[in-house]
Amino acid sequence: MVKSKKANRLVWRRNLATPKALVRAAALTVISVSALLVNSPPASAGADCSLVGCSTTVNDSAHSVYAYRNWCRDNDSTGDSTETYPSCKVDNVAQTSRYLSPGDNTPRKEDWDTFRVDAGWCYKVYFNRLWAPSFTRTYDRRGKSALYVKVGDEAIAHIQAQSNSTCP
Numbered sequence: 000m001v002k003s004k005k006a007n008r009l010v011w012r013r014n015l016a017t018p019k020a021l022v023r024a025a026a027l028t029v030i031s032v033s034a035l036l037v038n039s040p041p042a043s044a045g046a047d048c049s050l051v052g053c054s055t056t057v058n059d060s061a062h063s064v065y066a067y068r069n070w071c072r073d074n075d076s077t078g079d080s081t082e083t084y085p086s087c088k089v090d091n092v093a094q095t096s097r098y099l100s101p102g103d104n105t106p107r108k109e110d111w112d113t114f115r116v117d118a119g120w121c122y123k124v125y126f127n128r129l130w131a132p133s134f135t136r137t138y139d140r141r142g143k144s145a146l147y148v149k150v151g152d153e154a155i156a157h158i159q160a161q162s163n164s165t166c167p
């Protein structure tokens, strides 16, 4: 007896859906993902994007913003800040700044770890994070010096509003 091509495809599909085949596929997936994680560099404030992505700053406000490539302190998290200008060189990439006009954002597939809250201004920022809860933070620098804020590789910082008179 000769089987048709259609019958052969149905047998092949039925064999793929067996519990044994599904367990094998799941095991291969776990092994593949584990190998990727073990062989990948840890997420850091380096010049390159990490396994979880690139840090990004989006200027949703009506005023300009400055973003910077490097964050120069260890063990900080998204939203942490410092008054010290991040002047370090990371992974042979010198500190670089980028002017963001209203509606602009840092380039895709490039890692931009810091943005500046200007002296005398108050910024409202929404941090959209991939693997952790997102949050909103207000940085009030009215009557104070500039502040530099970390954006982790898992985050997109949306600068929602700025004002030099009241906090938005």
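If you're matching positions, the sequence shown starts at 0 in numbering that gives the first Met the number 0 and goes up one per residue. Glycine residues also receive a C-beta, built at the ideal position from the N, C-alpha and C atoms.
query                                                                                                                        : result
Span of the beta strand (DSSP E) around ASN127                                                                               : 121 to 128
Separation of GLN159 from ALA58, as counted between CA atoms                                                                 : The amino acid occupying residue 58 in the given sequence is Asn; Ala does not appear at that position. Computed Cα separation, rounded: 7 Å.
Stretch pair the stretch 90 to 98 + the stretch 147 to 157: three plus CB contacts closer than 8 Å                           : no
ARG136, enclosing beta strand (DSSP E) - first and last residue                                                              : 134 to 139
Between the CA atoms of TYR67 and PRO85 - distance to the nearest angstrom                                                   : 8 Å
Reduced DSSP category for ARG115 - H, G, I as helix; E, B as strand; rest coil                                               : strand
Proximity to GLU109 [Cα-Cα], best of ALA145, PRO167, SER54 and THR135                                                        : SER54
Rounded C-alpha distance that separates GLY119 from GLY52                                                                    : 32 Å
Beta-carbon contacts of ASN127 that lie in its chain and below 6 Å, excluding the five residues immediately before and after : SER133 and ILE155
Beta-carbon gap between TYR65 and ARG115 smaller than 8 Å                                                                    : yes
Among CYS166, TYR138, THR165 and SER162, the one whose alpha carbon lies nearest that of THR81                               : TYR138
Residue range of the beta strand (DSSP E) that includes GLN159                                                               : 154 to 162
For GLY102, the three-state DSSP class (helix, strand or coil)                                                               : coil
Same chain, Cβ closer than 6 Å to ASP79, five either side skipped, listed in chain order                                     : LYS149
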